[in-house]
Amino acid sequence: MASSRATLLRALIALASLAAIDAFHDEGLAESNRVEFLSLAAEDECESSDCALSALQLRAKLTKRASHDGHGTSEISAMRAPPGPLCTGDGELPTGIPACYQGTFLTETLTVKVESESYSPGDGESKISVGIGKVDVFAQGLKAGSCIGAAFNKSSRMLSTEGIPNCFLDGFEYTASYCSSTDSMLFSFVTPVPFNVELKKIECAAELALTDERSTPDQDRARALLQSPPEGVTCTGDGNWPTTLPLCYRGSLLVESLEWTVLSYTAGDSAGVGKVNMVAKGPQEAICNGAAFEKSGQLITIEDASNCGLTGFEYSVRYCSTQDRIMVNVTQPFAIMVALDRAACSAEIFEPTPSPVDPFPPSYNPDAPAFNPNLPAHNP
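At position 345 of the sequence shown (counting the first as 1) the number is 345 in UniProt numbering, and the numbers step up by one without a gap.
If you want it as C-alpha cells, here you go:
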C-alpha cells in the first residue's frame, strides 16, 4: 500500500511539473492545479519521504525554465513559497520523561531529545511545563554534528537555545518550533538553503547515535547524487581562455543553478587578469557582476569576493583548459566538486559593473584545498 502511494505521489509530481511548465506560456495555472502543484513542488518534505528529492529537483528545473522564459524573480519565488503553515498549536512540551523527534532531509537525519522542566501545582495533579529545559540535537549524513545538553526556553511555539550555533552543523542557520497540535517539531533552515524539516515523535532509544541502516530511499538517492562522480569529469590543463569573449559556463549544485560569464581576460607572463559575472539561481539567489579576478595556473582568485557567492558556502575555483570547463570546489557546508561546462551565452549579458542587489557575506575561499579528482562531483 505504501509503495503504491509513493508511486502515485511521484506520478503526480511528474504530471504537475509538465502542466506547470506548459502553463507558463499561457496566462497561468488554474487555481486548483496551482495549489496542488505548490504543495508538491514547493514543500521540501512531502507526505511520503520518497518524494522530497523529486520535489527539490522539480523545483530547480521549473525555476530554470521560468527564468529562461523571461518570468520575473517574484513569479519564481511565488512558485517556491510554502503553501501554508506547517506548524500549529503553541501548547506545552511533554513532561515527565524525555521526548524524542526525528526527521530527514536529503542526506541528513536530524534527531532531537527534549527534557522539559516542570512543576506539580498540587498533590496528585499533573505536572506543568515551565517552558525551559535541556535539549540534545544530533545530525548524521554527509555532514555530522551533535549538541548535548543545550539549555532552551520556549516562547509560544519557538524554542530558543543557548550554544547550538557553536556545536551543531557549521554553515547552517535555523529556527526550531514545537507544534503541539501534532506533537512534532519543525526546523526551519535559513542558510545555506531555505527549507523546512518536520521531526516526528519517536521512541527515545538508549543511544541516539544513528546508523546508515536507518537511511531512507530518499537519502540513498541523494548520497549517490553527491558521492558518485559522473563519467568524464576531469580537470587538466592550465592554459589560457579562448580569445573569443564572452564565454559562458553553467552547472548545478543540487537545487542551485550556477552560471559564470567571463567578460574579459588578458594573459600575462605569470598570471592573467579579467572580469567575470557570477550568478546563482534557486532557493538562494546571488549576482556578482564584473568581479575582477586573477588566474595563476588553474587557480582563479577573485580580488574582492566579500559580496560574491551563496551564504554559508565556501569554495575555490579552477579553470580546466583541456576540457574548457570550470570546476568549483565547495568545501562548506559539504565537500563536493561542481563542474560548469561551456554553454551558449544568453541574450542578456550583465554589464561589468558592481551589482546593486543585496550583498552576500564572504564565501569565496582561495585557500581551500587544491583540486582532488577523488572528491565527489556533480555534473548533471
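We put the CB at the ideal spot given by N, CA and C, even for glycine.
Within 10 angstroms of its Cβ, does residue i collect 16 or more other Cβ (buried), or is it exposed?
i, result
"LYS275", "buried"
"ILE326", "buried"
"LYS200", "exposed"
"ILE302", "buried"
"GLY141", "buried"
"ALA99", "buried"
"ASN153", "exposed"
"GLY297", "exposed"
"LEU29", "Unreliable placement is indicated for LEU29, whose pLDDT of 36 sits below 50; the coordinate value is still reported in the next sentence. Buried: at least 16 other Cβ atoms inside 10 Å."
"THR261", "buried"
Name the residue from the options whose alpha carbon lies nearest to the alpha carbon of residue i.
i, options, result
"residue 383", "THR182, LEU245, PRO283 and THR244", "Given a span of 1 to 380 for the chain in the structure shown, any question on residue 383 remains unanswerable."
"LEU263", "ALA344, GLY290 and SER252", "GLY290"
"SER252", "THR331, VAL330, ALA339 and THR175", "ALA339"
"SER156", "TYR178, SER146 and ILE300", "TYR178"
"LEU247", "MET278, GLY237, CYS235 and SER270", "MET278"
"SER184", "ALA139, THR244 and LEU110", "LEU110"
"GLU173", "SER180, PHE195, CYS345 and SER181", "PHE195"
The beta strand (DSSP E) spanning residue i covers which residue range?
i, result
"VAL233", "No beta strand (DSSP E) holds VAL233; DSSP gives it neither H nor E."
"ILE97", "Taken as a continuous stretch (DSSP letters only), ILE97 belongs to no beta strand (DSSP E), as it is neither H nor E."
"ARG318", "314–320"
"TRP260", "256–266"
"ASP183", "Element bounds for ASP183: n/a, residue is neither H nor E."
"ASN240", "Careful: ASN240 lies outside any beta strand (DSSP E) and carries neither H nor E."
"LYS295", "286–296"
"LEU299", "299–302"
Hey, how far is the Cα of residue i from the Cα of residue j?
i, j, result
"GLN323", "ALA286", "26 Å"
"CYS204", "CYS87", "22 Å"
"VAL114", "LYS143", "22 Å"
"GLY272", "PHE187", "45 Å"
"GLU117", "ALA150", "13 Å"
"TYR249", "LEU258", "8 Å"
"GLY103", "VAL137", "12 Å"
"GLY234", "TYR319", "The amino acid at residue 234 is misidentified as Gly; the sequence shows Thr. Taking the straight line from one Cα to the other gives about 11 Å."
"TYR101", "LEU159", "14 Å"
"VAL330", "VAL135", "31 Å"
If you reduce the DSSP assignment to three classes, tell me which class residue i lands in.
i, result
"ASN329", "strand"
"CYS248", "strand"
"GLU198", "strand"
"ALA271", "coil"
"ARG345", "Note on residue identity: the sequence assigns Cys, not Arg, to residue 345. Reduced to three states, the DSSP call for CYS345 is coil."
"LYS154", "strand"
"GLU117", "strand"
"HIS68", "Confidence is the limiting factor: at HIS68 the pLDDT is only 45, short of 50, which leaves the residue's position unreliable, though a coordinate-based value still follows. The answer is helix: DSSP assigns HIS68 an H, G or I state."
"LYS143", "coil"
"THR109", "strand"
"GLU173", "strand"
"ASP136", "strand"
"ALA205", "coil"
"GLY149", "strand"
"LEU86", "coil"
"ALA280", "strand"
"GLY131", "strand"
"ALA335", "coil"
Between residue i and the ligand NAP, is there a pair consisting of the residue's CB and a ligand heavy atom that are separated by less than 6 Å?
i, result
"GLU285", "Of ligands this structure carries none, so the ligand NAP is not represented either."
Closest Cβ-Cβ distance between residue i and chain B: below 7 Å?
i, result
"THR175", "Among the chains of the structure shown, chain B does not appear; only one protein chain is present."
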